[in-house]
Amino acid sequence: MVIEILKPLMLVGETLIYPGILFSFAVAIFTQWFRRKAYARMQNRMGPTYTGLAGTLQPFADYVKLFFKEDIVVIRGYTKLPAFLLALAIGALVAILLMLPICPYSVYAPYDIIIAAYLLIWPTVTLAALGFLTPSPYGAIGSSRLLTLTIAYEVAFIISILTPVVLASRILRAQYSLYLTSIYSWLLWTNPVLIPLIIISLLTAIISLQCKLLDKPFDIPEAEQEIVAGPFTEYSGPKLAFIIFIHDMEQYVNSLIIVFLFLGGVAPFVEGPLWAQIVTVIVKYIIVVLVLTWIKAMVARFRVDQAIKMLWKYIVPLSLFALIVSSII
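Last residue of the sequence shown: 310 (our numbering), numbering continuous.
Quick look at the structure:
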């Protein structure tokens, strides 16, 4: 009875502290520092160096600087609506974290993958809407480009993550649940017939996530040489800090989804000590982030038509092929 009464308080604690907003902010700082450092090394540069040990506090300093800067609102621009949309985007990402095994008391139900898919799309819609809330032509062009890409890469990413969900549900009775699939996904690697499907879906998920994060070669909506910062051109101060935080949080949440759905989560320490499971998830997370950073450093930006052609001609059909075969098996 006492536990039932405390459950709402536990949910509030998970939302605000772990694995919610506070923990996500800490991970966002680490992830941004790691990506900036790795990206710089790949280009024979130093990266963050002086603020904190090896520059680890540079992202935190950047956040603090933005929070204390003036929040400039352009003429005929909206004042409160952007902040409301940004809060909804953060809430959607936190809700997804509550559906993953890193949460002490995870929220899950049969077919909750439908809710997860909706929550995954919401941050992108929010960021696209920001460009249309300012009179800047750069914002409108950037948002138009983002929505054009969204139709392709969101379809590819959702289909890609559906493949392990369908396989785990049909074979392991995961009930089309994101949480249960995250728990049982490592068993899919024990079946040689399923491994090619998992690999295909993993590759399409990585590429579509690269586009979702607006990293090269898919940084078309915020191409600095063409449209300054795209949808985010007219934003400054705290709003810009929250935009960057949402980007870092998307990296964190979606990389965790790949770790749990495709890379086996805590495997091979499923029944091992807690510290080994934590270290395993961290190592796999860093590997995913490193791969995304490597792609960003190695490839130049696509044109809009090139990106759309690649996504619709190769990535979406491959992910759809894996999903269809998974449904038949």
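Every residue gets a Cβ at the ideal spot worked out from N, C-alpha and C, and that includes glycine.
Query, Result
"Do Ser163 and Gly253 have their beta-carbon atoms positioned less than 9 Å apart in this structure?", "no"
"Would DSSP call Leu292 helix, strand or coil?", "helix"
"Helix or strand or just coil, what does DSSP make of Cys192?", "helix"
"What residue does the alpha helix (DSSP H) around Asn235 start on, and which one ends it?", "Gly218 to Phe243"
"Are the stretch 260 to 268 and the stretch 144 to 160 in contact at 8 Å, needing three or more beta carbon pairs?", "no"
"Does DSSP put Tyr286 in a helix, in a strand, or in coil?", "One detail in the question is off: residue 286 reads as Asp in this sequence, not Tyr. Of the three classes helix, strand and coil, the one that applies to Asp286 here is helix, per DSSP."
"Between Glu51, Phe113 and Gln13, which lies nearest to Pro40 when the distance is taken from Cα to Cα?", "Gln13"
"Grouping DSSP H, G and I as helix and E and B as strand, with all else coil, what is Tyr20?", "helix"
"Could you pull out every unbroken alpha helix (DSSP H) segment of at least 4 residues lying fully inside the stretch 146 to 195, listed in chain order?", "159 to 165 and 176 to 193"
"Does the count of Cβ pairs from the stretch 209 to 228 and the stretch 42 to 56 closer than 8 Å reach three?", "yes"
"With 9 Å as the threshold, decide whether the Cβ of Gln287 is near any Cβ in chain E.", "Among the chains in the structure shown there is no chain E, since it carries only a single protein chain."
"For a test of the three-state rule: what should DSSP assign to Pro116, helix, strand or coil?", "coil"
"Tell me the rounded alpha-carbon separation between Ile83 and Pro0.", "7 Å"
"Tell me the DSSP secondary structure of Val269 in three-state form.", "helix"
"Using the Cα positions of Ala68 and Tyr59, report the straight-line distance between them to the nearest angstrom.", "15 Å"
"Report yes or no: do three or more beta-carbon pairs, one from the stretch 255 to 266 and one from the stretch 231 to 244, lie closer than 8 Å?", "yes"
"Gly72 lies in the alpha helix (DSSP H); which residues open and close that run?", "Leu62 to Leu78"
"Touching or not, the stretch 282 to 290 and the stretch 169 to 187, by the rule of three or more beta carbon pairs under 8 Å?", "no"
"With DSSP collapsed to three states, give me the class of Met(-9).", "helix"
"Straight-line CA distance for Gly112 to Pro202?", "10 Å"
"Just mark Phe283 as buried or exposed, buried being the case when its beta carbon has 16 or more other beta carbons within 10 Å.", "buried"
"Check Gly28 in the structure and name its three-state DSSP category.", "coil"
"For Val(-17), name the three-state secondary structure that DSSP assigns.", "A caution first: Val(-17) carries a pLDDT of 47, below 50, which makes its placement in the model unreliable, though a value can still be read off. Note: Val(-17) maps to helix in three-state DSSP."
"Sort Ile95, Leu62, Ile132 and Leu148 by Cα distance to Gly307 and report the nearest one.", "Here residue 307 is Ser; the residue named in the question, Gly, does not match the sequence. Cα-wise, what sits closest to Ser307 is Leu148."
"Use the C-beta contact count for Lys(-12): other C-beta atoms within 10 angstroms, 16 or more gives buried, fewer gives exposed.", "exposed"
"Measure the alpha-carbon distance for Leu(-3) versus Val8 and round it to whole angstroms.", "14 Å"
"Near Leu301, what residues of its chain come up, given a Cβ to Cβ distance below 6 Å and the 5 sequence neighbours on each side ignored?", "Ile140"
"Taking only the alpha-carbon atoms, compute the straight-line gap between Ser125 and Ile180 and give it to the nearest angstrom.", "32 Å"
"Can you tell which of Leu190, Tyr44, Ala90 and Leu127 has the C-alpha that lies nearest to the C-alpha of Leu161?", "Ala90"
"Among Ile142, Ala222 and Tyr119, which residue has its Cα nearest to the Cα of Tyr44?", "Ala222"
"Do you know offhand how far Ile56's Cα is from Leu81's?", "42 Å"
"Alpha carbon to alpha carbon, what distance is there between Gly(-6) and Ala76?", "13 Å"
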